[in-house]
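Colleague: Just so you know, we're using our numbering here: the sequence shown kicks off at 2 and counts up by one. Note that CB positions come from ideal geometry on N, CA and C, so glycine has one too. Pasting in a structure now, in structure tokens, and then I'll have a few things to ask.
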Amino acid sequence: MTQFRIAEAARLLGVSDDTVRRWTDGGALPVEADTSGRKVIAGADLASFARAQAHATPDPSGVGRSARNRFVGLVTDIQSDKVMSQVEVQCGPHRVVSLMSTEAVNELALEVGSLAVAVVKATHIIVETPGGTA
Numbered sequence: 002m003t004q005f006r007i008a009e010a011a012r013l014l015g016v017s018d019d020t021v022r023r024w025t026d027g028g029a030l031p032v033e034a035d036t037s038g039r040k041v042i043a044g045a046d047l048a049s050f051a052r053a054q055a056h057a058t059p060d061p062s063g064v065g066r067s068a069r070n071r072f073v074g075l076v077t078d079i080q081s082d083k084v085m086s087q088v089e090v091q092c093g094p095h096r097v098v099s100l101m102s103t104e105a106v107n108e109l110a111l112e113v114g115s116l117a118v119a120v121v122k123a124t125h126i127i128v129e130t131p132g133g134t135a
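Put into structure tokens, the structure is as follows:
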């Protein structure tokens, strides 16, 4: 079974080691000792906890869509030429980059600091594991 040390769990959750320790001490996140006596968190427990803690930013558009992968964020950069633009949106800890026409950027009145919703609709998603085998 995959296990994570406190510092690893903190990095994955985007919080400090002390926050993870408070969660384990308070019983919110199960912890056990590994064979060396170090505190570890079972991967399945960490995944369940991460899912329970995840709160999506509400989509301000009020538009219903079939796409479920919507990320609300702020436009942080726009690089445009006459025809195409690259728009970067910071959605929480995630940086989403979209290539679109410069005409679309202008029609949407996008500028650095604009509130935007990145909608991801893809037919393929690639999952990788560190040190995994092919």
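Which same chain residues end up closer than 7 Å to Ser81 when comparing Cβ atoms and leaving out the 5 residues on each side of it in sequence?
Modeller: Thr103, Val106
Colleague: Could you tell me which uninterrupted beta strand (DSSP E) segments, each at least 3 residues in length, are contained entirely in the segment 52-128, listed from first to last along the chain?
Modeller: 70-81, 85-92, 95-102, 116-121
Colleague: Going by C-alpha to C-alpha distance, which of Gln54, Ala53, Ile126, Val73 sits closest to Ser62?
Modeller: Val73
Colleague: Is the segment 29-37 close to the segment 77-96, with three or more CB pairs under 8 Å?
Modeller: no
Colleague: Can you tell me which of the three DSSP states Ala34 falls into?
Modeller: Strand.
Colleague: Grouping DSSP H, G and I as helix and E and B as strand, with all else coil, what is Ile6?
Modeller: Ile is not the amino acid found at residue 6; the sequence shown has Arg there. Three-state result, Arg6: strand.
Colleague: With 16 other CB atoms within 10 Å as the buried threshold, where does Ser49 fall?
Modeller: exposed
Colleague: Report yes if the CB atom of Ala45 is closer than 8 Å to the CB atom of Leu14, and no otherwise.
Modeller: no
Colleague: Tell me Val41's beta-bridge partners as DSSP assigns them.
Modeller: Beta-bridge pairing links Val41 to Arg6, Glu33.
Colleague: Could you tell me the boundaries of the alpha helix (DSSP H) in which Val16 lies?
Modeller: Careful: Val16 lies outside any alpha helix (DSSP H) and carries neither H nor E.
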